[in-house]
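Peer 1: Have a look at this one.
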Amino acid sequence: MPKQQEMPRSDLIYHQGLSDVAQELGLKVGLKHKKINISNSRVAWEHEQFSREFVSEDAVVQSVKLVAESLVRHIYGQQGKKMEIFADNTSLSVNPFYIKSWLHLLSTTPRVAPFLSKDNPFIIALKKELADHVAEVNLQHDVLDGMFTFYDSTVAILQIYQVACVTFDLLLLLVLGSYLITLFSFLVITTRMHMCSAFNRCSSISLNQETLYFCPKFVPGNIRTTIATVSAKSSGNKDGDGGGSVVEDAKGSGTTARGRRLLRVREEKRKREYERLHNYPSWAKVLEDAAKNDIELRNVLGDTIGKPEQMRQKVEDRIRKKGRDFHKAKTGSVVAFKVTFRDFSPVGSHIWFKLYGPPSDRDVDLIGSVIQSWYVMGRLGAYNSSNLQLANTSMEYNPLYDADKGFNVMPSSFHDVGDVEFQDNWGRVWVDIGTSDYFALDVLLNCLTVLSSEYLGIQQVVFGGRKMGDWEEGMKNPLDGYKYFKI
């Protein structure tokens, strides 16, 4: 430690005041002197004293209170007076939670100069905090030039793999190749033997004392049939000249029309049996097995069992009609839906419905029926507040209804309504309520409230607006999730 130099008078006065405040707070203050070459860019002189000692949070709080108290007394000339400006439990007391939060942020944030840019959130936070307490804050960004390179990660994972030698790969390839060749040869031989035994069968038909032998021969690689027909005609000559046998009288002849027809039917049956055993899709077999125990699925498939493509078409049509949620049962929602208005015009606007999921055909019919009934009531002038004679009348006594007044009141009715359309879980309907009163909207919301709680969950209802969610104008393909109810 070099010899202590003489301090200026102002520094001695401040140091004396700092010592007095430290003595009142029960702390001890000392000075450390060290010569540091600040022109050397490799010397981090700013952190020289604090980088070697551990500083607790309580010590930092006490230091903040010591510096603040001594500065205020020095600025306002209150040195040597027994007064505590930043006393505990007062409005000017030091907030330990505020200091500890900043200490936590400083200790968990890397503050190496190359990692802090001008727009770094940490720098911006410090600047904003200082601007709240001082008159002027300047930010200076210095670039450190040196031989050191900084990296933002000190943890890395080194992965080492040990692979087998080339000899092992060659042996494995040889074993797999031999296995595949043997398996292929076995399958080819077994398949050919099975096909030959299935097709090499002879059928005999007796027609007019003639025996026709049909011997279809299967040719591997090409399903063709060679028909060899031999007619062995029984001889009626029993004389001894020649003693002709049946074999001698056998001769080649053509087949009859009935024989060719029976042969063609037999060949087609064999082909269908072969295709069913070898080329029939597995999913079609699963559907056939399921249809044996499922009456609804059997009704859907109908007479298409055994025809895979027609079965596929039947199932796709049924799923398209039932909606994406094929087996999902629709129930009401216990949560009330949200109602909002977006530039709603009674002479022409959309009413939007947002469901919890894509609707089925039953859901579309249910909502469409509600809208249709609401429109019919409005068309007949039901929403006319000028003729509410029984609304506030007590039913304890027989009320009186003025039919002439109801007949002469100015009519109010709906003008027009569009179809109820759905894309995915969003639906809409265009309405023009005309001269009907606005309480028609209350009637509709009351209907939709019960509908949502008992039958179909509705998430949101919006009056007005041109586009909601992922709605795409002009998309009316049922394959894209479009459904509608014609009103």
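Sequential numbering of the sequence shown, starting at 1, is according to the UniProt record's numbering.
C-beta: ideal position from N, C-alpha, C; glycine also.
1) Quick one: grab the DSSP three-state call for residue 17.
2) Between the Cα of residue 280 and those of 268, 306, 269 and 257, spot the shortest distance and give me the residue it belongs to.
3) Pick out whichever of 104, 18 and 25 has its Cα sitting closest to the Cα of residue 31.
4) May I have a chain-ordered list of the beta strand (DSSP E) segments no shorter than 3 residues that lie completely inside the region 311 to 366?
5) Which residues bound the beta strand (DSSP E) around residue 298?
6) Going straight from the alpha carbon of residue 90 to that of residue 27, what length do you get?
7) Sort 61, 404, 428 and 194 by Cα distance to residue 278 and report the nearest one.
8) Pair every Cβ in the region 388 to 407 with every Cβ in the region 464 to 472, then say whether three or more of these pairs are closer than 8 Å.
9) What is the rounded straight-line gap between the Cα of residue 233 and the Cα of residue 263?
10) First and last residue of the alpha helix (DSSP H) that includes residue 401?
11) What residues in its chain sit with their C-beta under 6 Å from that of residue 406, if we drop five residues either side in the sequence?
12) Using 8 Å for Cβ pairs, my map puts residue 413 next to residue 333. What's the rounded Cβ distance?
13) Entirely within the region 392 to 463 and at least 4 residues each: give me those alpha helix (DSSP H) ranges in chain order.
14) May I ask which residues mark the beginning and end of the beta strand (DSSP E) holding residue 489?
15) Who are the Cβ neighbours of residue 123 in its own chain at under 8 Å, not counting the five residues just before and after it?
16) Closer than 6 Å to a non-hydrogen atom of the ligand ATP - does that hold for the CB of residue 256?
17) By how many angstroms is the C-alpha of residue 183 removed from the C-alpha of residue 197?
18) Quick one: what's got a C-beta closer than 8 Å to residue 366's C-beta in the same chain, skipping five residues either side?
19) Of the choices 485, 434 and 56, whose alpha-carbon is the least far from that of residue 368?
20) When the distance is taken between beta carbons, is residue 439 closer than 7 Å to residue 483?
21) When you compare only the Cα positions, how much space is there between residue 288 and residue 191?
22) Quick check on DSSP: helix, strand or coil for residue 86?
23) Between the alpha carbons of residue 471 and residue 426, how many angstroms are there, rounded?
24) Just verifying my parser: in three-state terms, what is the DSSP assignment at residue 483?
25) So which of 376, 303, 479 and 130 has the shortest CA-CA distance to residue 436?
26) To the nearest angstrom, how far is the alpha carbon of residue 3 from that of residue 35?
27) At the level of alpha carbons, what is the spacing between residue 410 and residue 478?
28) Mind checking residue 383: buried by the 16 CB within 10 Å criterion, or exposed?
29) Just how far apart, CA to CA, sit residue 304 and residue 295?
30) Which class does residue 177 belong to by DSSP, given the choice of helix, strand or coil?
31) So, is residue 121 buried or exposed, given that buried needs 16 or more other C-beta atoms within 10 angstroms?
32) Taking the CB atoms as reference points, tell me whether residue 127 and residue 94 lie closer together than 7 Å.
33) Looking only at its chain, what residues have a beta carbon closer than 6 Å to the beta carbon of residue 372, apart from the 5 residues adjacent to it on each side?
34) Using only CA atoms, which one of 283, 282 and 301 lies nearest to residue 488?
35) Mapping DSSP to helix, strand and coil, what is residue 196?
36) Please classify residue 111: does DSSP put it in a helix, a strand, or coil?
Peer 2: Concretely, from the data shown:
1) helix
2) 306
3) 18
4) 338 to 342 and 349 to 355
5) Element bounds for residue 298: not the beta strand (DSSP E) but the alpha helix (DSSP H), 295 to 301.
6) 21 Å
7) 194
8) no
9) At residue 233 the pLDDT is 39, less than 50, meaning the model places this residue with poor confidence; the figure from the coordinates comes in the next sentence. Near 21 Å, if we compare the C-alpha coordinates of residue 263 and residue 233.
10) Run containing residue 401: none; DSSP gives neither H nor E here.
11) 387
12) With 8 Å as the limit, residue 413 and residue 333 do not qualify as a contact, their Cβ atoms being about 33 Å apart.
13) 403 to 408 and 439 to 454
14) The requested residue 489 is not part of the displayed model; the chain covers only 1 to 487.
15) 116, 117 and 139
16) For the ligand ATP, the structure offers nothing, since it holds no ligand at all.
17) 21 Å
18) 451, 455 and 456
19) 485
20) no
21) 26 Å
22) coil
23) 7 Å
24) strand
25) 376
26) Here the model assigns residue 3 a pLDDT of 44, short of 50, so the residue's position is not dependable and the matter cannot be decided.
27) 44 Å
28) buried
29) 15 Å
30) helix
31) exposed
32) no
33) 487
34) In the structure as shown, the chain starts at 1 and stops at 487, and residue 488 therefore has no counterpart that could be examined.
35) helix
36) coil
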